[in-house]
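Chemist:
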Amino acid sequence: MIGGLFIYNHKGEVLISRVYRDDIGRNAVDAFRVNVIHARQQVRSPVTNIARTSFFHVKRSNIWLAAVTKQNVNAAMVFEFLYKMCDVMTAYFGKISEENIKNNFVLIYELLDEILDFGYPQNSETGALKTFITQTGIKSQSKEEQSQITSQVTGQIGWRREGIKYRRNELFLDVLESVNLLMSPQGQVLSAHVSGRVVMKSYLSGMPECKFGMNDKIVIDKQGKGGATDEAGKSDLGGSGGGGGKQSIAIDDCTFHQCVRLSKFDAERSISFIPPDGECELMRYRTTKDIILPFRVIPLVREVGRTKLEVKVVIKSNFKPSLLAQKIEVRIPTPLNTSGVQVICMKGKAKYKASENAIVWKIKRMAGMKESQISAEIELLPTNDKKKWARPPISMNFEVPFAPSGLKVRYLKVFEPKLNYSDHDVIKWVRYIGRSGIYETRC
Amino acid sequence: MEWANQLCENRQFGSKMTDSKYFTTTKKGEIFELKAELNSDKKEKKKEAVKKVIASMTVGKDVSALFPDVVNCMQTDNLELKKLVYLYLMNYAKSQPDMAIMAVNTFVKDCEDPNPLIRALAVRTMGCIRVDKITEYLCEPLRKCLKDEDPYVRKTAAVCVAKLHDINAQLVEDQGFLDTLKDLISDSNPMVVANAVAALSEIAESHPNSNLLDLNPQSINKLLTALNECTEWGQIFILDCLANYAPRDDRESQSICERVTPRLSHANSAVVLSAVKVLMKFMEMLPKDLDYYGTLLKKLAPPLVTLLSAEPELQYVALRNINLIVQKRPEILKHEMKVFFVKYNDPIYVKLEKLDIMIRLASQANIAQVLAELKEYATEVDVDFVRKAVRAIGRCAIKVEQSAERCVSTLLDLIQTKVNYVVQEAIVVIKDIFRKYPNKYESVIATLCENLDSLDEPEARAAMIWIVGEYAERIDNADELLESFLEGFHDESTQVQLQLLTAIVKLFLKKPTETQELVQQVLSLATQDSDNPDLRDRGYIYWRLLSTDPVAAKEVVLAEKPLISEETDLIEPTLLEELICHIGTLASVYHKPPSAFVEGSRGVMHKRLPARTGSGESTESPDVGTIAGGSGTETAPSIIPSQGDLLGDLLNLDLAPPTTTGPPPPTSGMQMGGMDLLGGGLDSLLGGDIGGSAAMGAGFGAVPAVMPASLNAPMGGGLGDLFDLGGGVGMPLGAYIPPKTVWLPAMKAKGLEISGTFARRAGVIQMELTLTNKAMSVMTDFAIQFNRNSFGLAPAGPLQVLSPLSPNQTIEVSLPLSTVGPVMKMEPLNNLQVAVKNNIDVFYFSCQYPISMLFVEDGKMERQVFLATWKDIPNENESQFQIKDCHLNSDAASNKLQASNIFTIAKRTVEGQDMLYMSIKLSNGIWVLAELRVQTGNPNYTISVKCRAPEVSQCVFQCCEAVLKN
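From first to last, the protein sequence lines are chains A and B.
Under full-length UniProt numbering, the first sequence has 70 at position 70, and the numbering climbs by one with no breaks.
Under full-length UniProt numbering, the second sequence has 918 at position 918, and the numbering climbs by one with no breaks.
Written out as structure tokens, the structure reads:
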């Protein structure tokens, strides 16, 4: 298991050093500094073996976190732990910086003592930790409080404490998607996928039992067959927009926050959970089928002689006219020997950026079912380089107010049997944001 | 430590942004000041002082002098202060054992505290203090805490047992803590279960045979229940532990798999990977035709792909593991090529790993896409990545034959870029392509030669020299090119020197007239002016060869080389199996077994995949990892002395390092004479007695089939006789001759019916034919011819049918065969296409000869050589077959086989199982090694066949079966 954990600043000075195992000596601190932080070559692997000691590291801004071990540990677990450690620290004192770490070093030691015992990660949910590790010292607790803390830390619902109360029960769901595309010059989709996240922010009293439903094809088909109309259909939270009449979507794979009961999902494909208080990433998913591509890029590149290129790019928006896409940016690469560029565009602003070897065309807003066009004349310096210009793909950035995968939230039901508020009293908000991932069209 | 001096504001304790002041640089007399503050009456001041002490400790300052003063602060109600003092204690107790005792009382008292958080803190900290005297006092509080009413205390105490075990294992056993820990596996609280599992697993690792984790269906059921309820970390502990369990049958295996699969949707990648490990391992036991097996395979792909959207460090871990999974079960991800395409902003370590997997997944179906990607990558900036991409193009060419042409043209394009390292890398891989597809792409040599001057890396230079030497006859100025390298001969690396020596000798053999001077120059450079023994020895061998028998030299040096295999970088199967059992761990990241990087006994036991079993059939539980009576491959190496590698190396002439597949077959037969040859060669060089060693020289180069007996005798004499077990006894038995079969029915040959068989008599292969005339007219003018075949069989004389064959007459003819005819690989290997002519027409037929015809009489390998060769042949070349219903004992079998020139070299008896080690030599010099396992009372034999040319294994097996059953 993890033998020790060190935090360094960018100079390699150690800010935090906590050793859990006897086989890790003080010299390990220096070994990492010399061989990794001060190494001449750029780091080639996040795992380094120095003299039979393995170092796992992650970097956050200019802070290095390193876990050390001499055993055959679960490597994936070590990295997951380091990320979690970062999350916990961020939740306690904000950005991970040298200043913040120094200001909170006592707290960090206290946390490290709690979430890592003999190198074994223990409960690391901030919700639970905050009940008994605070920056202001421990208040003297009553006996009930103490046992409540311990049962929560070790219990089945380690991520949420009891007795949370809100005057207004409210929850926010964000469906955040990034749509990736690689398209051939002829408009053929070479590869496309959406990776999405459902982020939930909840302010709910008590221990609410939640059930989340979306237009997952498997669930919809199952219901269709059974002929039974689930109560779910009635309380539709929908209103997404984009793609039109798509009823259900095929999800390639999804992963869930640890609060979701996985065996239930596996058996009935229903997503039920008691959420942590505040924000959490409920679910991540991937889809590859029937993706709504919000934009289509039509490139036309013509070489006029050896010293001139003519480029014409048309973009078409492909969603409901009532919706608006924002932050649109089209990046058209230019050859290295470009000497000058003249651009004409119908909408937005376009500029040739020599340092980036690209024409960058920005449009603030664009409604659905519209098209816009840019044309450019690129002057080239004559070169004796025989190699042809490789024509890198045209890339695009944008943000649209719908989910390109077609995912729709059908319902999120809240039950809290002990307190007297019902599902109808909870105020629910759903928002869909689709962003471009790597969205490229070859030319 | 030069940390920024922070303002030493004297703010109230507890407010934010104050702690960094403790990191301020040390002033003189600081320790003294701290001492005073620690002893202050004011609580706040005390706490401030302890914080300063901890800060100094962190940066590596020695504050152990303050030990008594800090320990004095321990008795406090303030939990924060207590924690700080404990932290200090854990660091310094070992250096001040006597004073640490002062703390014991407080610990013991704290373990009784009404607050469970304090009880847990005390027991947690006590376990971290590695001082014997304290450890003694720990036992009682620990015993209480293990049974504490509060789960938080119990889960902490569970880990504490592991801590104590690390300090004093005997004490833990004596105190009976292990049993208490086992009881905790049935605890009602899932986190207690998880920690108990983690502690037990760790303790079990240092006691491989203790059966501590007594896993049985009941306890497994408990673990699976806890799996659904505990924290993400607890799930990892439980899954990692489950992976060590060996289910009793496929039904149990399936039911565990079913309960583990939901974990594949967990957001924590480590949970996913550990679940994958359990599934990959238990799947091994499921019958492949089971529906569930297919379902499971399908379920594995999506989560593995999802891992690639995790943070880069985890992606790296995932990719290293996927690399293993793809080798073990390529079907899982075969359709997912695209997700491994490199993204522009991937970190370099992710890019390199993705590239590896892309090549593993490359197939005819996706090769076009892969090549297009690789070409893109070759224009990136990172040198290592570009090199690997270029190399990958070459590997694609070798792996997917249909793509070879496109790969070569892509490589040529890349050479045109003139980027130095791209060119060099391309030349190295083109050499491999030449090896794989000889005489196909040599037209590119001219382009390669243009870049000769830019090569500055040994590997590229060696590759280029190999190409020039190999194709010397097609390169007009080959001599000039090689001569240019010769100028700086002594500055070259050994690799280049060896290659240059060989290339010039090749050139000489191809163009003897013009290059005599050159070859003399290189031989003297290698033998007289070099200190490198490898180079010198190789130089001498060539010298001797050339001076005694140039014809033989030609046959040795210009021998046809074996084709290189497609996958040269696959992980060896037994290691792969072990690594699959370590999915998710460091071992799977390093691709090394834990014993390679873990010190001491911990975790070094070898894990193995479970064997496939039928329903209800129970196997020995291999969960402890040590397996009694391993297979032949496992035991063989242990008795092999490391010897005789020298010649192997010497003869390994033209095989460049990355694609070494072993010495070429025509030379492999020479190993037995190795030591002698060298000795003789050196003697004669010293004494100048050329005549004396001439015979030996001839033997060296001659076709192995006529290996002189004199060479064989002295070697086989001394040592060989000792192990000569079954030899000599069963001699009277005749060699196996299959019954005659009809090869050419009369219907198809205008009345001529031919049936026949093959026999080996006194070292001569004979084709025995029965010709029957079923036509109405007389047949005359018989002649026979063979098509080119795998072993160069050809008639040694004309077909002796002296008298005309009248209608309804039958004659028997025996045709002696030689093995020096033209060679062409046939399918199947032992297929022979024959044309028979008579006065009426020419008729064609094909027949298959038993490969035993080709087993030569001197096929008895010396024992030592056998062992070395067995070890030397890669395990992939081993094939295993079953011979069913054979009722011979091992000695009878050995005799029977010997009659057909299958020689038993040694026999071992392990647990009632006889193992016969046998060697066979084919007429073309290929050695085949075999291990026959005979179990008394079991009519089914197992035969493992190992050969440098694995294609022959099947034939050899068929032949052994025929011999034994006859």
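All C-beta atoms, glycine included, are put in the ideal place defined by N, C-alpha and C.
Values in this document were obtained by computation on a predicted structure and should not be read as measured data.
Residues of chain A with CB closer than 9 angstroms to the CB of residue 240/B, please, in chain order.
Modeler: Chain A residues near residue 240/B: 74, 77.
Chemist: Starting from the C-beta of residue 132/A, find all residues in its chain whose C-beta is less than 6 angstroms away, skip the five residues before and the five after it, and write them out in chain order.
Modeler: Hits under 6 angstroms: 149.
Chemist: In three-state terms, what does DSSP make of residue 639/B?
Modeler: Only weak support is given to the placement of residue 639/B: the predicted model assigns it a pLDDT of 29, under 50, and the question is left unresolved by the model.
Chemist: Under 9 angstroms between beta-carbons, which chain B residues line up against residue 90/A? List them in chain order, please.
Modeler: Within chain B, no residue comes near residue 90/A; the closest Cβ sits about 14 angstroms away, beyond 9 angstroms.
Chemist: Counting only C-beta atoms, is residue 94/A closer than 8 angstroms to chain B at any point?
Modeler: It does not: the Cβ of residue 94/A has no partner Cβ on chain B nearer than 8 angstroms.
Chemist: Where do the ends of the beta strand (DSSP E) carrying residue 376/B lie?
Modeler: Taken as a continuous stretch (DSSP letters only), residue 376/B belongs to no beta strand (DSSP E), being part of the alpha helix (DSSP H) at 367 to 377.
Chemist: If you scan the stretch 778 to 807 of chain B from start to end, which runs of the beta strand (DSSP E) of 3 or more residues do you find wholly inside it?
Modeler: With a minimum length of 3 residues, the continuous beta strand (DSSP E) runs that stay inside the stretch 778 to 807 of chain B are 783 to 786.
Chemist: With which residues is residue 179/A paired in a DSSP beta bridge?
Modeler: Note: residue 179/A sits in a beta bridge opposite 194/A, 436/A.
Chemist: Since residue 944/B and residue 878/B are thought to touch, with beta carbons under 8 angstroms apart, how far apart are those beta carbons, to the nearest angstrom?
Modeler: Right, the Cβ-Cβ distance comes to about 6 angstroms (below 8 angstroms), so this counts as a contact.
Chemist: For residue 817/B, does the three-state DSSP call read helix, strand or coil?
Modeler: In this structure, residue 817/B counts as strand in the three-state DSSP scheme.
Chemist: Indicate the three-state DSSP secondary structure (helix, strand or coil) for residue 167/A in the structure shown.
Modeler: Correct three-state label for residue 167/A: coil.
Chemist: Look up residue 127/A in the DSSP assignment and say whether it is helix, strand or coil.
Modeler: Residue 127/A falls in the helix class under three-state DSSP.
Chemist: What in chain A is Cβ-close to residue 393/B, meaning under 9 angstroms?
Modeler: Per Cβ cutoff of 9 angstroms: no residues; residue 393/B is ~16 angstroms from chain A at best.
Chemist: Could you please tell me which residues of the stretch 169 to 196 of chain A, in chain order, have their CB closer than 7 angstroms to any CB of chain E?
Modeler: Among the protein chains in the structure shown, which are A and B, there is no chain E.
Chemist: Please report whether the beta-carbon of residue 105/A lies at a distance below 8 angstroms from any beta-carbon of chain B.
Modeler: Chain B, which has a Cβ nearer than 8 angstroms to the Cβ of residue 105/A, makes this yes.
Chemist: Residue 316/B CB to nearest chain A CB: under 8 angstroms?
Modeler: Taking Cβ atoms only, chain A reaches closer than 8 angstroms to residue 316/B, which makes this a yes.
Chemist: If you measure between the beta carbons of residue 202/A and residue 416/A, is that distance less than 8 angstroms?
Modeler: No, Cβ-Cβ distance for residue 202/A and residue 416/A is not below 8 angstroms.
Chemist: What are the boundary residues of the beta strand (DSSP E) that includes residue 400/A?
Modeler: From DSSP, the beta strand (DSSP E) with residue 400/A extends over 394 to 400.
Chemist: Taking the alpha-carbon positions, what's the residue 591/B to residue 320/B distance?
Modeler: Rounded to the nearest angstrom, the two C-alpha atoms are 8 angstroms apart.
Chemist: Taking the C-alpha atoms as reference points, what is the distance between residue 6/A and residue 214/A?
Modeler: So the alpha carbons of these two residues sit roughly 43 angstroms apart.
Chemist: Give me, in chain order, the residues of the same chain whose beta-carbon lies closer than 8 angstroms to that of residue 31/B; leave out the 5 immediate sequence neighbours on both sides.
Modeler: Around residue 31/B: 63, 65, 66.
Chemist: Can you find the residues in the same chain that come closer than 6 angstroms, C-beta to C-beta, to residue 322/A, ignoring five residues on each side of it along the sequence?
Modeler: None.
Chemist: On the criterion of 16 or more Cβ atoms from any shown chain inside 10 Å, does residue 802/B qualify as buried, or is it exposed?
Modeler: With fewer than 16 other Cβ atoms within 10 Å, it is exposed.
Chemist: Could you pull the DSSP bridge partners for residue 918/B from this structure?
Modeler: Paired residue(s): 904/B, 930/B.
Chemist: Would you check if the stretch 40 to 51 of chain A and the stretch 301 to 309 of chain B touch, i.e. whether three or more CB-CB distances between them fall below 8 angstroms?
Modeler: No contact exists between the stretch 301 to 309 of chain B and the stretch 40 to 51 of chain A.
Chemist: Suppose the cutoff is 7 angstroms on Cβ atoms and the five residues either side in sequence are ignored; what does the same chain contact list for residue 35/B look like?
Modeler: Here the set comprises 66, 69.
Chemist: Using a Cβ cut-off of 8 angstroms (strictly closer), state whether residue 64/B contacts chain A.
Modeler: No, residue 64/B lies away from the interface with chain A (no Cβ there is under 8 angstroms from its Cβ).
Chemist: How would you write the range of the beta strand (DSSP E) that residue 773/B sits in, first residue to last?
Modeler: Element bounds for residue 773/B: 764 to 773.
Chemist: Assuming contact is defined by CB atoms lying nearer than 8 angstroms, are residue 489/B and residue 507/B in contact in what I supplied?
Modeler: Cβ atoms of residue 489/B and residue 507/B: not closer than 8 angstroms.
Chemist: Which residue or residues does DSSP assign as beta-bridge partners of residue 214/A?
Modeler: Answer is 409/A, bridged to residue 214/A.
Chemist: Among the residues of its own chain, which have a CB less than 6 angstroms from the CB of residue 207/A, if the five just before and after it don't count?
Modeler: Around residue 207/A: 274.
Chemist: Less than 8 angstroms separating the beta-carbons of residue 200/A and residue 280/A?
Modeler: Yes; because the gap between Cβ atoms is below 8 angstroms, this pair is in contact.
Chemist: Can you pull out the residues from the stretch 511 to 528 of chain B whose beta carbon lies closer than 9 angstroms to at least one beta carbon of chain A?
Modeler: Listed by position, the residues of the stretch 511 to 528 of chain B near chain A (Cβ gap below 9 angstroms) amount to none.
Chemist: Should residue 14/A and residue 3/A be called a contact, given that it needs their Cβ atoms to be closer than 8 angstroms?
Modeler: No, they are not a contact pair.
Chemist: Quick one: residues in its chain with C-beta nearer than 8 angstroms to the C-beta of residue 261/A, no 5 flanking neighbours on either side, listed in chain order?
Modeler: Excluding residues within five positions, the ones whose Cβ falls inside 8 angstroms are 272, 273.
Chemist: With a cut-off of 8 angstroms, does the C-beta of residue 146/A fall near any C-beta of chain B?
Modeler: For residue 146/A, the answer is yes, since a Cβ of chain B falls inside 8 angstroms of its Cβ.
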